[in-house]
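Trainee:
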Amino acid sequence: MVEVKELYKSFPGKKGKKTDVLKDINFKAEPGKIYGLLGPNGAGKTTTLRSVATLLKPDKGTITVNGFDTIKDAGKVRSIIGFLTSDMKLSGNLSPKELMYFFGELNHLKEDYIKKRITELSDYLGMNDFLDKPIQKLSTGMKQKASIAVSIIHDPEVIMFDEPTNGLDILASKIVVDFLYDYKKSGKTVILSTHIMSEAEKLCDSLGIIMDGTLVENDTLENLREKYSEERLENVFFKLASERGLLKNV
Ligand SMILES: Nc1ncnc2c1ncn2[C@@H]1O[C@H](COP(=O)(O)OP(=O)(O)OP(=O)(O)O)[C@@H](O)[C@H]1O
Ligand SMILES: [Mg+2]
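So in our numbering the end of the sequence shown lands on 268, straight run, no missing numbers.
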């Protein structure tokens, strides 16, 4: 379970002036559920996820992961989360297998356990054909599978995937989508940020819609459909964007 309470974050802007990037973000992501973070470019999705992942310190507010505070218990939080960032670009000569070993050791996992996880994850994600090839020679989809495997090598209780199907073809996307569904079904907590409305509709049990650093909606898909009298999430999103002047003529 991830609980974000009254989260504020600012970054230094021009002439030393602070820019508020997150303003009073509140949400809960529960075990056995997928929480979706939707929002336009620059809305604050990645900043929110980086804060939960202990990589950014909130200016104000608290974040707990399975009851552990991201500031006071940062090490513990890191050991129970898997974070797939949108900008984690694996490159170089190491193979997916070597990278999984490396990250397994970073997570203090025993060798036998790492071996078991490599076999499990390679079978599950369909990586056996390229397990020993250098990352730099792999396709975008293969690299993404390797990134996923690396981010969950320690079988984390909570995973946060930031736009995980970005740049993937429909088949590679399906593997990621099916994986997220299976992961939540196994009782884990999943947070997904995406721009793809059909993906959010298919996967997310509840949704946070973030615009300009503010969580403008935080509800189940069903409730959002009813509230805005719109069947399609895309239209709910357009209405919210239009209300905030982010879209003209809608
Ligand atoms: N390290 C940083 N320093 C200064 N400003 C930052 C930093 N990181 C993010 N920002 C700013 O914070 C805002 C939110 O960025 P963020 O990356 O969280 O958006 P996002 O919703 O993930 O967008 P996208 O869909 O494009 O990935 C943007 O205006 C961005 O320029
Ligand atoms: Mg982002």
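Where is the CB? At the ideal position from N, CA and C, for every residue including glycine.
I'd like to check one pair, residue 75 with residue 89: are the Cβ atoms closer than 8 Å?
Mentor: For the purposes of this step, residue 89 is taken as residue 71 along the sequence shown, with counting starting at 1. For the purposes of this step, residue 75 is taken as residue 57 along the sequence shown, with counting starting at 1. Yes, these two residues count as a Cβ contact at 8 Å.
Trainee: Along the beta strand (DSSP E) that carries residue 62, what are the first and last residues, could you check?
Mentor: Taking the first residue of the sequence shown as 1, we reach residue 62 at position 44. Counting along the chain, residue 62 falls outside any beta strand (DSSP E), and DSSP gives it neither H nor E.
Trainee: Here's the rule: buried if 16 or more other CB atoms are within 10 angstroms of the residue's CB, otherwise exposed. What is residue 165?
Mentor: As a working note, residue 165 is residue 147 in the sequence shown. Looking at its Cβ environment, which holds 16 or more other Cβ atoms inside 10 Å, residue 165 is buried.
Trainee: Please classify residue 27: is it buried, with 16 or more other beta-carbons within 10 angstroms of its beta-carbon, or exposed?
Mentor: Along the sequence shown, read from residue 1 onward, the residue named residue 27 stands at position 9. Buried, since its Cβ has 16 or more Cβ neighbours within 10 Å.
Trainee: With a threshold of 7 Å, establish whether the CB of residue 64 neighbours any heavy atom of ligand 2.
Mentor: Counting from 1 along the sequence shown, the entry for residue 64 is found at position 46. Indeed, a heavy atom of ligand 2 lies less than 7 Å from the Cβ.
Trainee: Thinking C-beta only, is residue 115 closer than 8 Å to residue 136?
Mentor: Working through the sequence shown from its first residue, we reach residue 136 at position 118. Working through the sequence shown from its first residue, we reach residue 115 at position 97. Yes, they are a contact pair.
Trainee: What are the start and end residues of each continuous beta strand (DSSP E) run of 3 or more residues lying completely inside the segment 190-263, in chain order?
Mentor: Complete beta strand (DSSP E) runs here, min 3: 207-212, 224-229, 232-238.
Trainee: Just confirm the distance between the C-beta atoms of residue 227 and residue 256, as a whole number of angstroms; I'd bet it's less than 8 Å.
Mentor: The sequence position of residue 227 within the sequence shown is 209, counting from 1. The sequence position of residue 256 within the sequence shown is 238, counting from 1. Their Cβ separation, rounded to whole angstroms, is 11 Å, which puts residue 227 and residue 256 out of contact at 8 Å.
Trainee: Among the residues of its own chain, which have a CB less than 6 Å from the CB of residue 268, if the five just before and after it don't count?
Mentor: Here residue 268 is taken as the residue at index 250 of the sequence shown, counted from 1. Low confidence applies to residue 268: its pLDDT is 46, below 50, so where it sits in the model is not reliable, and the reading given next is rough at best. Cβ within range, chain order: 256, 260.
Trainee: Looking only at its own chain, which residues have a Cβ that is under 8 Å from the Cβ of residue 51, when we skip the five neighbours before and after it?
Mentor: Sequence index remark: in the sequence shown, residue 51 carries index 33 (1-based). Within the same chain, residue 51 has close Cβ partners 202, 207, 208, 223, 224.
Trainee: Tell me, which residues are paired with residue 21 by DSSP?
Mentor: To locate residue 21, count along the sequence shown from 1; it is residue 3. Its beta-bridge partners are 46, 82.
Trainee: Under a Cβ-count criterion, where at least 16 other Cβ atoms within 10 Å of its own Cβ denotes burial, should residue 180 be classed as buried or exposed?
Mentor: The sequence position of residue 180 within the sequence shown is 162, counting from 1. With 16 or more Cβ atoms within 10 Å of its Cβ, residue 180 is classed as buried.
Trainee: Classify residue 238: buried if its beta carbon has 16 or more other beta carbons within 10 angstroms, exposed otherwise.
Mentor: Stepping through the sequence shown from its first residue, residue 238 is reached at position 220. When all chains shown are included, residue 238 counts as exposed.
Trainee: Go ahead and label residue 174 buried or exposed: buried means 16 or more other beta carbons lie within 10 angstroms of its beta carbon, across all protein chains shown.
Mentor: Translated into the one-based positions of the sequence shown, residue 174 becomes position 156. Buried, by the Cβ-count rule.
Trainee: In this structure, does DSSP put residue 145 in helix, strand or coil?
Mentor: Here residue 145 refers to the residue found at position 127 of the sequence shown. In the structure shown, residue 145 sits in coil (DSSP, three-state: anything other than H, G, I, E or B).
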